[in-house]
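Visitor: Following our numbering, the numbering of the sequence shown begins with 5 at its first residue and continues without gaps. Each residue gets a CB set at the ideal place from its N, CA and C atoms; glycine is no exception. Values in this document were obtained by computation on a predicted structure and should not be read as measured data.
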Amino acid sequence: MPDFDQTVDWPAAAYALRDRLGADAIEPRVADWLSQHEGDSLLVACSGGPDSIFMLCLLWACSIELDVEVVIAHYNHRWRGEASDEDAGFVAEVAVALASTFELESRPEKEAAFTETAARELRLDFLRRAAKKHRCKAIVLGHQQDDILETQLIRLSRGVGSEGLSAPRPINSFPGYPDHIRPILHYRAGDIRMALNVCGIQWRFDRSNEDRTIARNSLRHDVIPSLMRLMDRDVQVGASRSRELLEEDARALKAIAKMHLPEAFLRSKILDRQKLQTEPRAITRRAVTAWLGAHQLIGSLTGPGMEALLDAIYASKPRHRASLGAAFVRLTASEVLIELETDAPEELIFEGSTLQMNETVLLPSGGQVALEGVVLSAGLLARLASGSVDSQQEAYFSLELDEPMEVRSWRPGDRFRPIGAPGMKKLKDWFIDRHIPQAERKRLPVVTTSSGEIIWVPGFAPADSLKIGPETDRALRLTYHTRKTL
5 MPDFDQTVDW PAAAYALRDR LGADAIEPRV ADWLSQHEGD SLLVACSGGP DSIFMLCLLW
65 ACSIELDVEV VIAHYNHRWR GEASDEDAGF VAEVAVALAS TFELESRPEK EAAFTETAAR
125 ELRLDFLRRA AKKHRCKAIV LGHQQDDILE TQLIRLSRGV GSEGLSAPRP INSFPGYPDH
185 IRPILHYRAG DIRMALNVCG IQWRFDRSNE DRTIARNSLR HDVIPSLMRL MDRDVQVGAS
245 RSRELLEEDA RALKAIAKMH LPEAFLRSKI LDRQKLQTEP RAITRRAVTA WLGAHQLIGS
305 LTGPGMEALL DAIYASKPRH RASLGAAFVR LTASEVLIEL ETDAPEELIF EGSTLQMNET
365 VLLPSGGQVA LEGVVLSAGL LARLASGSVD SQQEAYFSLE LDEPMEVRSW RPGDRFRPIG
425 APGMKKLKDW FIDRHIPQAE RKRLPVVTTS SGEIIWVPGF APADSLKIGP ETDRALRLTY
485 HTRKTL
């Protein structure tokens, strides 16, 4: 970045940038969107880096002609100490120079350790709150063309469909929230920096972008350049074209889903399971995703969890439950419906779901807990006696099922006595003794009787109070299966 110069005439530099870029300065679909929102306010997310400064200057210079008001927002992640504070100060100075409203928020102290995913969620939450405060119709983001292939490669490694591979889109709509628009998605990173330099526009340099241990940085600096040399072509352009085609396919599939399953795109609490089963999985997936999104539940379900739910919808078993935070999806032979747990404690990872005979509970992680009755054959008794039963996946109980069981997450104060233990002990202490990571503790299901007694946690023997004796001829079998992520 050039040395910081307080004498820069930011309005003049912004107008120079607009004039240099010409009539097609703004991505065509975004330009059309803006033409339909005259008189509205836009929240411009600006980090201070070259892409967001380029976007801010361009949009600000066009704002009078477009008849929109620009509000500038900066989220200080505080990742780089003093440098992060300087980024925030720089954007604040630009906002003053452009006589624009400015919103700033810093990551709170209590969020001291977090992932990049959590950081994005914190920033998005701030941007949406700021947009609501200023009644902004859209949040403007500075993604450019080079971001497309990086995003596709990252998402391919996780396993996604056309919806995921068509990101970042020029326009994204979210029910109940402002649209996301990307006015510079058609520009290359190199062209952006060249235009900034020609117009004398400064930006902040984030040294963490050079850290090759971060996957996106390694893709940008090492993998993609190697791929371009190997293919002897500009793979960024091909990726951008693929993104457009995938978006067309995704929009077409969504339109078909709306046509065939219109109730899924409304706030109905009940879907016709038999209608879902008659559609191709790609159509049903989009319908169920939209349905859960309309109820603000889609964020409680992982990718594997969604696949497990779809498996259950198409399966022949008449009854299933899928836990989704403070609610769960219940499947009957003919319906898929949402049931809320309004009084559930907020700190729980997933809420209690009842489990009856020959029923399966689907967890947000994609795991499944199932219950069935079994006859204790000589072979099975031998397995139990030898200790060869895998406690991670199954457990057997001497228990008459008069009432349904409950499957929930671990709660502080839970106490448990597995077979062979000298006495009752806090489940937390058992986790510590077994060196089970905290993240895994939150995901493990806890199975209890209707009275609340813990009878099994995967990885442990079943409760000592329900162990199978020599006279037991029938038992209950609990199984736990996880769905591995890609």
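Can you tell me the Cα-Cα spacing of MET232 and VAL239, whole angstroms?
Guide: Cα-Cα distance, rounded: 6 Å.
Visitor: Do GLY53 and ASP210 have their C-beta atoms within less than 8 Å of each other?
Guide: yes
Visitor: Within 10 angstroms of its Cβ, does ASP71 collect 16 or more other Cβ (buried), or is it exposed?
Guide: exposed
Visitor: Taking just the CA atoms, how far does SER110 sit from ALA116?
Guide: Because the pLDDT of ALA116 is 48, which lies under 50, any placement of that residue in the model is unreliable, and the number read from its coordinates should be weighed accordingly. Looking at the two C-alpha atoms, the distance is approximately 12 Å.
Visitor: For GLN372, list the residues DSSP reports as bridge partners.
Guide: GLN372 pairs with LEU366 and HIS485.
Visitor: Rounding to the nearest angstrom, what Cα-Cα distance links ILE458 and ARG421 in this structure?
Guide: Straight-line Cα distance between these residues: approximately 8 Å.
Visitor: On the DSSP bridge list, what partners appear for TYR79?
Guide: In the DSSP assignment, the residues bridged to TYR79 are GLU109.
Visitor: Taking the straight line between their C-alpha atoms, what separation do you get for TRP64 and PRO182?
Guide: Using only the alpha carbons, I get a separation of about 19 Å.
Visitor: Take ALA294 and list the residues in its own chain whose beta-carbon comes closer than 6 Å to its own, dropping the five residues that flank it on each side.
Guide: ALA268 and PHE269
Visitor: Could you give the distance in angstroms between the alpha-carbon of GLU167 and the alpha-carbon of ASP91?
Guide: Rounded to the nearest angstrom, the two C-alpha atoms are 33 Å apart.
Visitor: Roughly how many whole angstroms lie between the Cα atoms of ALA254 and ALA382?
Guide: Approximately 54 Å between the Cα atoms of the pair.
Visitor: Classify ALA77: buried if its beta carbon has 16 or more other beta carbons within 10 angstroms, exposed otherwise.
Guide: Classification of ALA77: buried, given that the 10 Å Cβ count is 16 or more.
Visitor: Is PHE332 helix, strand or coil by DSSP?
Guide: Here PHE332 sits in strand by DSSP.
Visitor: From the DSSP output, in three-state form, read off GLY377 for me.
Guide: strand
Visitor: Judging by CA-CA distance, which residue of VAL378, HIS81 and GLY370 is the nearest neighbour of ASN362?
Guide: VAL378
Visitor: Do SER304 and GLU251 have their C-beta atoms closer together than 8 Å?
Guide: no
Visitor: Whole angstroms is fine: what's the gap from PRO368's alpha carbon to SER327's?
Guide: Roughly 6 Å separates the two Cα atoms.
Visitor: Beta carbon of GLY163, beta carbon of GLY307: below 8 Å?
Guide: yes
Visitor: Taking ALA286 and LEU313 to be in contact with their CB atoms under 8 Å, please state how far apart those CB atoms are, rounded to whole angstroms.
Guide: Going by Cβ atoms, the distance from ALA286 to LEU313 rounds to 15 Å, so no, they are not a contact pair.
Visitor: May I have the straight-line CA-CA distance separating PRO187 from VAL98, to the nearest angstrom?
Guide: 19 Å
Visitor: In whole angstroms, what is the alpha-carbon distance linking GLY424 and ASP468?
Guide: So the two alpha carbons sit approximately 7 Å from each other.
Visitor: Classify LYS471 as helix, strand or coil using the three-state DSSP reduction.
Guide: Three-state DSSP puts LYS471 in coil, outside helix and strand.
Visitor: Give the DSSP-derived three-state secondary structure of LYS430 in the structure shown.
Guide: strand
Visitor: How big is the Cα-Cα spacing for MET198 and VAL34?
Guide: 23 Å
Visitor: Can you check which of these residues, GLY391, PHE401, LYS429 and THR364, is closest to VAL411 by C-alpha distance?
Guide: THR364
Visitor: If I measure Cβ to Cβ from THR476 and keep anything under 7 Å in the same chain, skipping five residues before and after, which residues do I get?
Guide: The answer, listed in chain order, is LEU380 and SER402.
Visitor: Taking Cβ to Cβ, would you say ILE152 is nearer than 8 Å to ARG247?
Guide: yes
Visitor: My assumption, with CB atoms under 8 Å, is that VAL450 sits in contact with ASP418. Please give the rounded CB distance.
Guide: 7 Å
Visitor: Please say whether HIS324 and ALA337 have beta carbons closer to each other than 8 Å?
Guide: Contact: no.
Visitor: So for CYS140, helix, strand or coil by DSSP?
Guide: strand
Visitor: Provide the residue(s) that pair with TRP460 in DSSP beta bridges, ordered along the chain.
Guide: DSSP links TRP460 through a beta bridge to VAL451.
Visitor: Return helix, strand or coil for PRO229, following the three-state DSSP convention.
Guide: helix
Visitor: Whose C-beta lies closer than 8 Å to the C-beta of GLN397 among residues of the same chain, with five residues either side of it excluded?
Guide: PRO462, THR483, TYR484 and HIS485
Visitor: Whether or not the region 130–144 and the region 37–48 are in contact is what I'm after, with contact meaning three or more pairs of Cβ atoms, one per stretch, closer than 8 Å; do they touch?
Guide: yes
Visitor: So for TYR191, helix, strand or coil by DSSP?
Guide: coil
Visitor: Give me, in chain order, the residues of the same chain whose beta-carbon lies closer than 8 Å to that of ASP347; leave out the 5 immediate sequence neighbours on both sides.
Guide: Low per-residue confidence applies at ASP347: pLDDT is 34, beneath 50, and the placement is therefore not dependable enough to give any value.
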